[in-house]
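Following my numbering, the numbering of the sequence shown begins with 85 at its first residue and continues without gaps. The C-beta atom is built at its ideal place from N, Cα and C for all residues, glycine as well. All values derive from a computational prediction rather than experimental measurement.
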Amino acid sequence: MVFWQQLFTCGFDSTLWIPALSGVLRHAPSAHPSVIRKAIHADIGRIRHLRNRIAHHEPILERDIGADLAAIGRLIHARCPHTLRWLQRHERATTVLAASPLGRNL
């Protein structure tokens, strides 16, 4: 995921994101491409950090899982709202976390 996060740095604004962002992420919020790119960079960083904690069997219970799920949803929606709706129908994380005594992180 580091590759993707680095791809969304400001160094690629003039050569990649300003000319092409609206075509690649057609459902991203309406804003200047550099603003959208910066938000995507932050979301990818959040997701990468979550993924690394899980992959290394480190605790994630103190994280704001609701914010993590929201970041995932924003990225998916920017590319394809239909895919986000499919995910929302099939994912179980929200239900499992809501039933947990630690459900406060939703």
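Go ahead and label residue i buried or exposed: buried means 16 or more other beta carbons lie within 10 angstroms of its beta carbon, across all protein chains shown.
{"i": "A112", "result": "buried"}
{"i": "D148", "result": "exposed"}
{"i": "R130", "result": "buried"}
{"i": "F92", "result": "buried"}
{"i": "W170", "result": "exposed"}
{"i": "R173", "result": "exposed"}
At what residues does the alpha helix (DSSP H) containing residue i begin and finish?
{"i": "H166", "result": "165-174"}
{"i": "H133", "result": "117-139"}
{"i": "L91", "result": "86-91"}
{"i": "T52", "result": "This structure cannot speak to residue 52, because the chain is shown only from 85 to 190."}
{"i": "P103", "result": "102-108"}
Can you list, in chain order, the residues of its chain whose CB lies under 7 angstroms from that of residue i, leaving out five sequence neighbours each side?
{"i": "Q89", "result": "H125, I128, G129, R132"}
{"i": "I144", "result": "L134, R137, I138"}
On the three-state DSSP scale, how would you describe residue i?
{"i": "H161", "result": "helix"}
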